[in-house]
Every structure is written in C-alpha cells, then in structure tokens.
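Numbering-wise (the working numbering), the sequence shown opens with residue 216 and increments by one. Ideal Cβ positions, reconstructed from N, Cα and C, are used throughout, including at glycine.
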Amino acid sequence: MNGLKCLVLAGVAGICLMAGASNAAAQISVNIGVEPSCPYGYYDYAPYNCSPYGYYGPQWFNRGVFIGSGPWFHGPRNFRGRVNNRFDQQRGYHGRVPNRGDRADTANRGRAPSHFRGNEVRDGRGNAGNGNRGKH
Numbered sequence: 216m217n218g219l220k221c222l223v224l225a226g227v228a229g230i231c232l233m234a235g236a237s238n239a240a241a242q243i244s245v246n247i248g249v250e251p252s253c254p255y256g257y258y259d260y261a262p263y264n265c266s267p268y269g270y271y272g273p274q275w276f277n278r279g280v281f282i283g284s285g286p287w288f289h290g291p292r293n294f295r296g297r298v299n300n301r302f303d304q305q306r307g308y309h310g311r312v313p314n315r316g317d318r319a320d321t322a323n324r325g326r327a328p329s330h331f332r333g334n335e336v337r338d339g340r341g342n343a344g345n346g347n348r349g350k351h
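Next up, the structure:
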C-alpha cells in the first residue's frame with residue numbers, strides 16, 4: 216500500500232509541476248526599447264532607421280507628432296495611411312535620411328509635404344495594403 220501512495224503522490228507532484236511551468240511561459244515580456252527619435256518618423260521595419268521628409272503622408276501625424284510605426288505604433292487598430300515608397304531604403308532609396316535625434320527643418324516641422332502623393336498604403340505595423348483606403 217505504501218508503494219501505491221508514493222506513486223499517487225509522485226503523479227500529483229508531476230501534474231502540479233507541469234501546471235506551474237505553463238503559467239511561467241505566459242509571463243514572458245519582451246523589451247523593445249525606446250521609440251526612435253526621428254524628425255519625420257522612422258521606417259516600420261528593423262533596424263527602424265529614420266525616414267526622410269516626404270515618406271509619410273499627413274495621416275501619420277497628429278498635431279504635428281508622428282503617431283509611430285512598428286512596435287511603437289500609436290494609431291487605431293484599423294489605421295491605413297499613405298506612404299511614398301520611392302523614399303524607402305528597402306526599395307533602393309539612397310538619398311538623404313536624417314539621423315536619430317536630428318531636429319526637423321523649420322519649414323517641414325510636424326507636417327507632411329503639401330505636394331505629397333503616396334503610392335502605397337500601410338497599417339503602421341509593417342503591412343502594406345491596397346491603395347483605396349487612407350487616400351489623401
């Protein structure tokens with residue numbers, strides 16, 4: 216009978232250990248760091264380099280402040296905003312790009328170019344969509 220009690224206690228202990236292990240996995244958090252400080256926003260893919268003036272359209276700014284993209288996106292869940300992907304480094308852009316911490320030119324501070332013509336719609340989370348939503 217003592218052997219049976221030991222076996223039952225070992226089984227109960229094993230079940231408790233397995234239940235505790237699954238709870239611990241759910242408590243993992245990932246620290247993505249501080250949002251990049253860029254005058255006209257940053258690309259929505261790692262390494263989150265600063266984007267040039269003219270990449271993001273006016274939908275990406277709230278009272279002159281960039282709403283973010285990638286892990287730091289602060290817009291609504293159904294957000295769609297236009298970008299001009301000719302200024303995207305992944306598409307071959309090699310022009311001037313501001314550095315982190317640079318200040319916006321006074322003429323361009325907190326606003327998209329008046330002549331902005333976006334050619335791609337993005338959701339702020341790294342996904343491109345169709346051109347029918349977020350048009351400006």
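Pop quiz: residue i and residue j are said to be a contact at Cβ under 8 Å. What is the actual Cβ separation, rounded to whole angstroms?
i, j, result
"Gly-390", "Gly-339", "Since the first residue shown for the chain is 216 and the last is 351, residue 390 is missing from the structure and cannot be characterised."
"Asp-317", "Pro-254", "5 Å"
"Gly-256", "Arg-295", "Actually they are not in contact, since the Cβ atoms of Gly-256 and Arg-295 sit about 16 Å apart, beyond 8 Å."
"Pro-267", "Gly-310", "6 Å"
"Trp-275", "Glu-250", "With 8 Å as the limit, Trp-275 and Glu-250 do not qualify as a contact, their Cβ atoms being about 14 Å apart."
Could you check where the beta strand (DSSP E) with residue i kicks off and where it finishes?
i, result
"Val-352", "Residue 352 is absent from the model: the chain starts at 216 and stops at 351."
"Val-336", "335-337"
Could you tell me whether any Cβ in chain C is nearer than 9 Å to the Cβ of residue i?
i, result
"Asn-300", "This model lacks chain C altogether, as it is built from one protein chain only."
Report all residues from its chain with a CB closer than 7 Å to the CB of residue i; omit the five preceding and five following residues, and keep chain order.
i, result
"Gly-341", "Asp-259, Tyr-260, Gly-285"
"Val-352", "Since the displayed the chain opens at 216 and closes at 351, residue 352 lies outside it and no answer follows."
"Asn-264", "Tyr-257, Tyr-258, Gln-304, Val-312"
From the DSSP output, read off the bridge partner residues of residue i.
i, result
"Cys-253", "Its beta-bridge partners do not exist; DSSP assigns none."
"Phe-331", "BP columns for Phe-331 are empty, so no partner."
"Gly-316", "BP columns for Gly-316 are empty, so no partner."
"Gly-344", "Val-336"
"Tyr-271", "Val-298"
"Phe-288", "For Phe-288, which the question treats as bridged, DSSP gives no partner whatsoever."
"Asn-277", "Val-280"
Quick one: residues in its chain with C-beta nearer than 8 Å to the C-beta of residue i, no 5 flanking neighbours on either side, listed in chain order?
i, result
"Ser-252", "Arg-315, Gly-316"
"Phe-331", "Gly-269, Gly-272, Pro-273, Arg-297, Asn-299, His-351"
"Thr-321", "none"
Can you find the residues in the same chain that come closer than 6 Å, C-beta to C-beta, to residue i, ignoring five residues on each side of it along the sequence?
i, result
"His-289", "Ile-282, Gly-283"
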